[in-house]
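2 protein chains.
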Amino acid sequence: MSAERVNVKEKVLSANDQLAAGTRERLARQGIFSINLISSPGSGKTTLLERTVDLLKDSVRLALVAGDVQTRNDAERLIRHGVPVEAIETGGGCHLDARQVARSLEAFDLAGTDLLIIENVGNLVCPSSFDLGESMKVVLMSVTEGEDKPLKYPAAFRRASALVLTKIDLVPHLQFSTEQALENACSINPDLEVFSTSSYTGEGLESWAGWLTDHVLANKENAEGAGS
Amino acid sequence: MSAERVNVKEKVLSANDQLAAGTRERLARQGIFSINLISSPGSGKTTLLERTVDLLKDSVRLALVAGDVQTRNDAERLIRHGVPVEAIETGGGCHLDARQVARSLEAFDLAGTDLLIIENVGNLVCPSSFDLGESMKVVLMSVTEGEDKPLKYPAAFRRASALVLTKIDLVPHLQFSTEQALENACSINPDLEVFSTSSYTGEGLESWAGWLTDHVLANKENAEGAGS
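These protein sequence lines are chains F and Y, in that order.
Numbering of the first sequence is given in my numbering, commencing with residue 672 and proceeding in unit increments.
Numbering of the second sequence is given in my numbering, commencing with residue 672 and proceeding in unit increments.
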């Protein structure tokens, strides 16, 4: 990579980090817990979010940002579940950035929000380099993608706090070893919180939703403690 | 995006295009047909290539380039099938570029090669912008990814000459409409040659391998015609 290119890349990342820090501070002040969902295209991010919203929306005040290269399909699917959703179309861009997210937050009533979920563009490489100001990154991986993805795309797994293994209802039809996949993921990041889920059968979703709720509550308490 | 950033991006793409044009000319002179395989992580590129190599290696002289963000796993899997393979580890890079491919060609006996297959990094966004000097791009999409991928990641489908739908053995276990997926793909690119395949059952692989062979033969004839 040329020196000029590296220099521009560093500037872009540093400008992004500053904006992200501002968002993080703003969300912390409001006591909002936020996650940045990262995965390959077609890993089941939107379907997981539809189920998650249904499980949480009576107890947690949600706001969602849905990023896509093209189309507003994901946002439209999520809006039908009765929660506020902002769509970001990157128009070819391979990841969301902090500026896009900061701008989309303007549309929400943040004082009335407990949990912000940002669905990144489907891409297991680029999104992991761009801080959006989230509390935590969560990486999704479907069982149909094979056991080796954590080894081949380590950055996303290294920077995530949790791994949601999706589509586990398909395991009986695959040559897929859940044990091997989790061993690979934990070799990259031993601190990963792991959820094995199926948005089709519902397996594992209560546990995932419970983890989110716990963080929402802890975050609220921290914000109240800091404000008193 | 800043003007500086756009400027550097244009320079990078233009330098890449020049290198790719050189590779294309070189491969054409040798009568080598080449494809650049693009898909999400875990769509089944390497498994398809393992089956393709087994079907073709007695009749077609193959050379393979396997790109990955990290690990040489794919290259090692392919080498076991008795064909020359070069691995490119991008070390975080989200796509292969023309320079990496041009360099990896040095390792092959191009005079003794009919078909060059380049397996790009698993990413449905960035690789579609970088010409590697290939004859054609081929996009893979597994049935587990959902019908909407062509609409959400149109560039890869628009620039490809063929679409290989993979893992069709799983369709009975999914809520997936092959008809809808192909309708979406053809709405982006009506000229796509489509192959519905399962590397597990072998369905559709003969047809895919036949298409490659036809192009290898046509390419050889063109090169001989031009050389005579």
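Just so you know, even glycine gets a beta-carbon here, dropped at the ideal spot from N, CA and C.
Rounded straight-line distance, which links the Cα of residue j to that of residue i
i	j	result
Leu749/Y	Leu786/F	45 Å
Ser867/F	Thr784/Y	45 Å
Leu719/F	Ile788/Y	36 Å
Lys680/Y	Ala856/Y	28 Å
Glu712/F	Arg774/F	In the sequence on display, residue 712/F carries Pro and not Glu. So the alpha carbons of these two residues sit roughly 24 Å apart.
Gly753/F	Glu747/F	11 Å
Arg743/Y	Asn794/F	20 Å
Gly873/Y	Leu776/F	49 Å
Ser870/F	Arg722/F	7 Å
Gln689/F	Val772/F	13 Å
Leu735/Y	Gly875/Y	21 Å
Ser858/Y	Pro821/Y	9 Å
Pro755/Y	Lys728/Y	11 Å
Gly881/Y	Asp725/F	48 Å
Glu854/F	Val792/F	26 Å
Val865/F	Asp885/F	15 Å
Leu863/Y	Ser730/F	48 Å
Thr761/F	Thr849/Y	27 Å
Ser685/Y	Gln741/Y	26 Å
Glu877/Y	Glu877/F	45 Å
Pro843/F	Arg751/Y	27 Å
Chain-order list of residues whose beta-carbon lies under 8 Å from that of residue i (same chain, five-residue window excluded)
i	result
Thr815/Y	Lys838, Leu841, Leu845 and Phe847
Gln851/Y	Glu818
Arg732/Y	Gly783, Thr784, Asp785 and Leu786
Trp759/F	The sequence as given places Ile at residue 759/F; Trp does not occur at that position. Excluding sequence neighbours, Ile759/F sits near Val736, Ala737, Gly738, Asp739, Leu767, Gln771, Val772 and Ser775.
Bridge partner(s) assigned by DSSP for residue i
i	result
Asp739/F	Glu760/F
Phe704/F	Leu786/F
Glu864/F	Ala833/F
Ala734/Y	Leu787/Y
Leu811/F	Val835/F
Ile649/Y	The first residue shown for chain Y is 672 and the last is 899, placing residue 649/Y beyond what the model contains.
Own chain residues within Cβ distance below 7 Å of residue i, not counting five before or after
i	result
Val810/F	Ile709, Ser710, Ala827, Phe828, Ala831 and Leu834
Asp745/F	Thr717, Ala737, Asp739 and Glu790
Leu687/F	Before going on, a small fix: residue 687/F reads as Asn here, not Leu. So the list reads Asp768, Ala769, Phe801 and Asp802, once near-sequence residues are dropped.
Val796/F	Tyr824
Ala691/F	Ala769, Asp802, Leu803 and Gly804
Reference residue i; option with closest CA among the options
i	options	result
Met807/Y	Arg676/Y, Asp729/Y and Leu883/Y	Leu883/Y
Gln701/F	Val731/F, Leu781/F, Leu690/F and Asn678/F	Leu781/F
Phe779/F	Ala686/F, Pro843/F and Glu757/F	Glu757/F
Leu836/F	Trp879/F, Gly804/F and Pro861/F	Trp879/F
Pro861/Y	Pro843/Y, Arg697/Y, Pro825/Y and Ala699/Y	Pro825/Y
Gly715/F	Ala674/F, Met812/F and Ala894/F	Met812/F
Thr694/F	Glu854/F, Glu805/F and Arg751/F	Glu805/F
Val683/Y	Ser685/F, Arg676/F, Val683/F and Gly896/F	Arg676/F
Ala894/F	Thr761/F, Ser685/F and Leu698/F	Leu698/F
Ala897/Y	Gly762/Y, Glu696/Y and Arg751/Y	Glu696/Y
Contact set for residue i: own chain, Cβ-Cβ below 6 Å, skip 5 residues either direction
i	result
Asn678/F	none
Should the segment 693-707 of chain F be called in touch with the segment 872-891 of chain F, which here means at least 3 C-beta pairs below 8 Å?
Put simply, the segment 693-707 of chain F touches the segment 872-891 of chain F. At least three CB pairs are less than 8 Å apart.
Flag this pair as touching only if the segment 796-813 of chain F and the segment 755-768 of chain F have three or more C-beta atom pairs under 8 Å; answer yes or no.
Taking a cut-off of 8 Å on C-beta distances, the segment 796-813 of chain F touches the segment 755-768 of chain F, as three or more cross pairs fall below it.
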